[in-house]
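Before any comments, here is the structure.
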Amino acid sequence: MDGIGIVGAGIAGLHLGLLLRRHGVPVTIYSDRTPEQLAAGRMLNSVAHHHATVERERELGVDHWDAEEYYYFGHHHYLGGPQPLVFPGFFTAPSRAIDYRIYLPRLLEDFVARGGEFDVRPVQAADVTLLSERHELVVIASGRGTMSAMFPRRADKSPYDTPQRKLCVGLYEGVAPSEPRGVTMSVAPGHGELLEIPIFSAAGHVTALLFENVPGGDLEMLAELSYDEDPAGFEKVVLEKARQHHPATFERIDPARFRLTGPLDLLQGGVLPSVREDYARLPNGRYVVALGDAHVVVDPVIGQGANCASYSAWELGRTILEDPNFDERFCRKVADRRRNRVHATADWTNLMIRTPPPPHLLRMFGAMAQHREIADEFTENFSWPDRQWDILATPERVERYLARHGAV
């Protein structure tokens, strides 16, 4: 049989494929889009890779973006209200954000150059059983179309039935970077969050503005406002909403230069957070494993989706290399290896979008504003969501953590 088949050419599929090729395992990646179509298409996300993910990229030999030029070093927090809280937090090693229309085609080039097979064709759930007859194992690393429905949604890890934020994310010129270079995380109580992310795109070094808007709040309309009908009007509204609700970012915007970098550099909509079962049994008795968006979808409010997908791919790849017996025991081993961090990622993200925010989360933010070491640890834990969830999982855990840091 022909090695491992991976459906989906996002970060999960590519990191898995590159890891397996590094060890000589035959791999075929299936995608419905060519690298050229990806590069010329609509913006895919505004994702940042934190240093644990960057380290995996180094191990894979795909660290193509120089740290001095492309990285950022921490978070600048602005929590609005009658008495706003303003404070920084810093990583122990930097993060970076590269437009996926650059990133994914580059990694596909690496994958093919290293002997991987890339097959451009649409694959739906009905095709997977046939694929499983060709490959020793099929991995579903795409949540598009009918694919994610192969894996039942877990109610215990999927507390929301509707998207909790209405999203509007675009790439903009005219926003001066923060100093030192970092992501600004602004909260407008009752209305939502803004993540301001330094990102490299085809337009060069620009700024991604990800508006995470509470349904029913003043900013919700950004998720449906048409850019194509009136580009200047769209940009005027975005500028005004930033002025009203996110002053820490607005103060660095030059209104005369502020504009979307292109009509395809915008995404609007919503994300339904979901955790699905790790694997499924096909009618022929073979098993398929869920990866990436087929397994876990999180709201982008803390930028964990791609980092979680990369980690999950790494653990799946290690298990394939150690135990290439693709039965149910193998699938359970994969689930066990990645469960703690993957579930912590989902739980932490779901906590951050709870409306109104729970008191223990507000208590944590208040302590971060007063204690730099707490803010730095919170920020560093964007690379380690399981450690973050160890702190935030319950009010009691938060209180014990703050007591250890003299922040009671």
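Numbering-wise, this note's numbering comes out as the position in the sequence shown, counting from 1, plus 799.
Idealized CB from N, CA, C, for every residue including glycine.
Residue i vs residue j beta-carbon contact at 8 Å
{"i": "Gly1210", "j": "Arg900", "result": "As displayed, the chain neither begins before 800 nor continues past 1207, which places residue 1210 out of reach and without an answer."}
{"i": "Arg895", "j": "Ala847", "result": "yes"}
{"i": "Ala811", "j": "Gly1091", "result": "yes"}
{"i": "Met984", "j": "His874", "result": "yes"}
{"i": "Ala1093", "j": "Ala940", "result": "yes"}
{"i": "Asp801", "j": "Arg933", "result": "yes"}
{"i": "Ala1108", "j": "Gly809", "result": "yes"}
{"i": "Ser1073", "j": "Val1087", "result": "no"}
{"i": "Arg905", "j": "Ile1152", "result": "no"}
{"i": "Leu1021", "j": "Lys1035", "result": "no"}
{"i": "Phe999", "j": "Ile1119", "result": "no"}
{"i": "Leu1071", "j": "Ile1052", "result": "no"}
{"i": "Leu1115", "j": "Val938", "result": "yes"}
{"i": "His1204", "j": "Glu1179", "result": "no"}
{"i": "Glu908", "j": "Pro1014", "result": "no"}
{"i": "Arg1075", "j": "Ser947", "result": "yes"}
{"i": "Gly880", "j": "Pro1046", "result": "no"}
{"i": "Phe1129", "j": "Glu935", "result": "no"}
{"i": "Gly1069", "j": "Pro1155", "result": "no"}
{"i": "Glu995", "j": "Leu1008", "result": "yes"}
DSSP-derived helix/strand/coil call for residue i
{"i": "Arg1056", "result": "coil"}
{"i": "Ile828", "result": "strand"}
{"i": "Val1197", "result": "helix"}
{"i": "Asn1149", "result": "helix"}
{"i": "Leu818", "result": "helix"}
{"i": "Leu1211", "result": "The question about residue 1211 has no answer, for the chain in this structure spans 800 to 1207."}
{"i": "Leu1066", "result": "strand"}
{"i": "Gly942", "result": "coil"}
{"i": "Val1133", "result": "helix"}
{"i": "Val1141", "result": "helix"}
{"i": "Ser1073", "result": "strand"}
{"i": "Pro887", "result": "strand"}
{"i": "Gly807", "result": "coil"}
Nearest-angstrom beta carbon gap, residue j and residue i [assumed within contact, 8 Å]
{"i": "Trp1188", "j": "Asp1146", "result": "6 Å"}
{"i": "Thr827", "j": "Gly804", "result": "5 Å"}
{"i": "Tyr971", "j": "Val927", "result": "In fact, because the Cβ distance is near 40 Å, the residues do not count as touching under 8 Å."}
{"i": "Trp1113", "j": "Arg920", "result": "27 Å between Cβ atoms; not a contact."}
{"i": "Ala1143", "j": "Asp1175", "result": "Wrong, their Cβ atoms sit about 19 Å apart, outside the cutoff."}
{"i": "Glu1011", "j": "Glu992", "result": "4 Å"}
{"i": "His1170", "j": "Ala1202", "result": "The pair is not a contact, with the Cβ atoms about 12 Å apart (cut-off 8 Å)."}
{"i": "Val1197", "j": "Met1163", "result": "6 Å"}
{"i": "Pro1062", "j": "Asp1017", "result": "25 Å between Cβ atoms; not a contact."}
{"i": "Tyr1110", "j": "Arg1140", "result": "6 Å"}
{"i": "Thr851", "j": "Trp1183", "result": "Looking at the sequence shown, residue 851 is not Thr but Ala. Yes, they are in contact, since the Cβ atoms of Ala851 and Trp1183 sit about 7 Å apart, within 8 Å."}
{"i": "Arg1042", "j": "Phe1049", "result": "5 Å"}
Cut-off 8 Å between Cβ atoms - residues of its own chain near residue i, not counting five sequence neighbours on either side
{"i": "Asn844", "result": "Tyr899, Val968, Leu1066, Pro1099, Gly1104 and Ala1105"}
{"i": "Pro1157", "result": "Leu1150 and Pro1194"}
{"i": "Cys822", "result": "A small fix is needed here, since residue 822 is His in this sequence, not Cys. The answer, listed in chain order, is Leu1120."}
{"i": "Leu1191", "result": "Trp1147, Leu1150, His1159, Leu1160, Met1163 and Val1197"}
{"i": "Leu1081", "result": "Val927, Thr928, Ser931 and Val1087"}
{"i": "Val1133", "result": "Asp1077, Tyr1078, Val1088, Glu1114, Leu1115 and Thr1118"}
Chain C contact for residue i (CB, 8 Å cutoff)
{"i": "Phe1049", "result": "The question asks about chain C, but that chain is absent: this structure has only one protein chain."}
Cβ-based neighbour list, residue i, same chain, cut-off 7 Å, excluding 5 preceding and 5 following
{"i": "Arg820", "result": "Val826, Phe910, Arg913, Gly914 and Gly915"}
{"i": "Glu1003", "result": "The amino acid at residue 1003 is misidentified as Glu; the sequence shows Gly. None."}
{"i": "Phe872", "result": "Phe889, Phe890, Pro893, Pro979, Arg980 and Gly981"}
{"i": "Tyr870", "result": "Pro893, Ser894 and Arg895"}
{"i": "Leu837", "result": "Arg900, Leu903 and Pro904"}
{"i": "Leu878", "result": "Leu884, Val986 and Phe1164"}
{"i": "Gly944", "result": "Gln923"}
Residues near residue i in its chain [Cβ-Cβ closer than 6 Å; skip 5 each side]
{"i": "Gly1181", "result": "According to the sequence provided, residue 1181 is Phe. The question's Gly does not apply to it. Correct list, in chain order: His849."}
{"i": "Ala975", "result": "Arg1051"}
{"i": "Tyr829", "result": "Val806, Asp918 and Val922"}
{"i": "Gly942", "result": "Asp1092 and Ala1093"}
{"i": "Arg841", "result": "Leu1063"}
{"i": "Tyr1200", "result": "Ile1190"}
{"i": "His814", "result": "Ser1109 and Ala1112"}
Task: Secondary structure, beta strand (DSSP E): runs of 3+ residues fully inside the region 1076-1117 - done: 1078-1080 and 1086-1089
Open item on the list: Threshold first: 3 residues or longer. Then list the beta strand (DSSP E) segments lying entirely within the region 890-935, N to C.
Closed with: Counting whole runs of 3 or more residues, the region 890-935 contains the beta strand (DSSP E) stretches 916-919.
Open item on the list: I'd like the ranges of any beta strand (DSSP E) spanning at least 3 consecutive residues and lying wholly in the region 841-881.
Closed with: DSSP runs (the beta strand (DSSP E)) wholly in the region 841-881: 870-878.
Task: Completely contained alpha helix (DSSP H) runs for the region 1001-1061, where each covers 4 or more residues - done: 1030-1044 and 1046-1049
TODO: Could you pull out every unbroken beta strand (DSSP E) segment of at least 3 residues lying fully inside the region 952-1008, listed in chain order?
DONE: 965-972, 982-987 and 991-1000
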